[in-house]
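Structure first, then comments.
In our numbering, the protein residues as written are 11 to 502.
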């Protein structure tokens with residue numbers, strides 16, 4: 011809709027009608043949203059507890075359009091935030107303070123696939139699984155595979171340094187990004203790295219990945235592609251209790267085996283997945299482990315035998331091994347669609363993203379159970395067990411203010427416990443707005459000062475993604491969040 015067609019009310023005084031006309035001149039009226047009902051769609055990402063609508067959403071289709079949009083924002087001192095598919099789970103693309111949301115979903119081309127040099131060039135709006143499909147049959151794949159890979163974009167993966175089930179062996183997004191092109195918060199087109207990697211003594215690409223949109227707006231990415239393994243062995247270990255499953259995890263890693271993936275789902279998730287998709291999971295199992303090893307045939311057969319023996323020794327009722335590629339893909343479909351099945355259990359849910367040492371998994375899972383009982387909330391668990399990245403899912407109804415309050419309190423307790431056990435408050439979802447209040451516990455004042463100074467080099471005016479990650483970000487730190495977001499304020 012053209013910003014001049016109905017002249018909708020403007021909540022941010024710096025977002026003037028003239029400013030909207032300038033944006034429309036860049037992207038065209040059909041790629042600009044400013045009506046209240048249209049903006050409502052963009053009030054939050056996958057973290058539904060915090061909501062703020064932008065004043066305008068624009069959809070650039072090129073680096074040049076993105077550059078011109080950012081320059082308009084800088085000239086008018088209007089805050090702006092990039093957004094991919096909105097699957098992030100910590101409020102990373104929440105438009106704190108309103109302003110302009112730069113939606114990158116129209117920049118969705120795979121620009122180049124170079125098998126000989128093992129890289130691909132993509133735009134930020136490319137959905138993760140599209141690159142996987144484009145490489146099918148080539149002998150190569152793109153290793154990062156977040157559970158939301160059917161919807162999430164590679165630009166969004168870069169923002170939070172996403173992981174996924176195969177993180178354990180292959181690493182997170184930063185291990186597969188060779189270079190990025192982005193529009194800086196001051197309106198310059200910048201490139202770090204490229205097809206040959208970083209190109210200097212400073213790993214600026216690695217610094218950029220995981221900056222949660224605070225260092226600029228990605229317009230192009232060079233990613234590493236990985237040769238397909240010769241063989242896979244995929245197993246489903248079925249356990250009566252979560253404790254038995256976590257003991258098996260420690261035994262497998264302790265035996266010197268690094269699986270390609272090692273995932274756990276508890277009884278609540280298994281029940282939801284089975285009800286939705288009928289995979290044949292036993293509903294009375296306390297937990298299941300999805301374990302995959304890959305490599306040469308002779309190696310994976312030996313590793314699979316050891317893993318099966320270790321699972322049985324730690325109390326597994328049975329261990330099923332996929333016999334065909336179709337069975338293997340069906341098992342992975344069950345894991346990747348676990349979050350989608352949650353809709354059968356609750357109208358709303360909040361997914362946490364703590365990390366603990368693998369040896370502390372029994373302790374944190376017991377604590378989560380205690381939190382569930384204390385706050386009268388149902389919590390189910392599905393997570394990357396191999397690297398201790400837990401994803402407790404708190405089920406609630408966001409229409410009930412008391413349930414929201416209890417969810418916030420329970421979340422803070424779980425994440426604080428992760429810190430106490432020697433872990434972190436995020437493995438792949440980022441800090442966003444959700445976890446700013448925990449940064450002072452996780453890092454020292456000196457740590458935060460250094461981070462702030464680095465951010466200020468990239469984003470000196472704090473117009474790009476304000477109110478994210480750091481407690482003092484652009485004057486939009488924890489104090490701002492407490493005042494601006496009633497759900498967080500109610501929990502404190």
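The C-beta atom is built at its ideal place from N, Cα and C for all residues, glycine as well.
Each residue's CA atom was taken as its position, placing residue 277 and residue 293 some 7 Å apart.
With a minimum length of 3 residues, the unbroken runs of beta strand (DSSP E) contained wholly in the region 308-383 fall at 326-331 and 358-361. DSSP places residue 109 outside any alpha helix (DSSP H), giving it a letter other than H or E. Distance between residue 165 and residue 117, taken at the CA atoms: about 10 Å.
Residue 377 sits buried, since 16 or more C-beta atoms from the chains shown fall within 10 Å of its C-beta.
Under the Cβ criterion (8 Å, minimum of three pairs), the region 445-455 counts as touching the region 424-434. Under the DSSP definition of a beta bridge, residue 273 partners with 300.
For residue 191, DSSP records a beta bridge to 201 and 230. Around the beta carbon of residue 360, a 10 Å sphere encloses 16 or more other beta carbons of the protein chains shown; the residue is thus reported as buried.
With respect to the 9 Å criterion, residue 346 and residue 159 are classified as neighbours on the basis of their beta carbons.
A straight-line Cα-Cα distance of about 25 Å links residue 344 and residue 235. CA-to-CA, the gap between residue 415 and residue 151 works out to about 43 Å. Per DSSP, residue 122 is one residue of the beta strand (DSSP E) stretching across 120-124.
When DSSP states are grouped into helix, strand and coil, residue 208 belongs to the coil group. Around the beta carbon of residue 268, fewer than 16 other beta carbons sit within 10 angstroms, so the residue counts as exposed. By DSSP's assignment, residue 27 forms no beta bridge with any residue.
It is roughly 24 Å from the alpha-carbon of residue 326 to the alpha-carbon of residue 287. Bounds of any alpha helix (DSSP H) do not take in residue 99, whose DSSP letter is neither H nor E. Contact between the region 107-124 and the region 136-147 is present, with at least three C-beta pairs closer than 8 Å.
When rounded, the separation of the alpha-carbon atoms in residue 440 and residue 77 is 25 Å. Annotated as distal: residue 184 and residue 92, with beta-carbon spacing of 9 Å or more. Looking from the CA of residue 457, the closest CA among 333, 480, 437 and 128 belongs to 480. Distance between residue 418 and residue 205, taken at the CA atoms: about 43 Å. Relative to residue 219, the option among 476, 471, 477 and 465 whose CA is nearest is 465. DSSP places residue 84 within a helical segment (H, G or I) once states are collapsed to three. Per DSSP, the unbroken beta strand (DSSP E) holding residue 243 starts and ends at 241-249. Judged by DSSP in its simplified three-state form, residue 165 adopts helix. Only buried fits residue 472, as 16 or more other CB atoms lie within 10 angstroms of its CB. Here residue 236 carries a strand assignment [DSSP, helix/strand/coil]. The Cβ atoms of residue 174 and residue 336 do not sit closer than 9 Å to each other. Residue environment analysis places residue 223 among the buried positions, since at least 16 neighbouring C-beta atoms fall within 10 angstroms of its C-beta.
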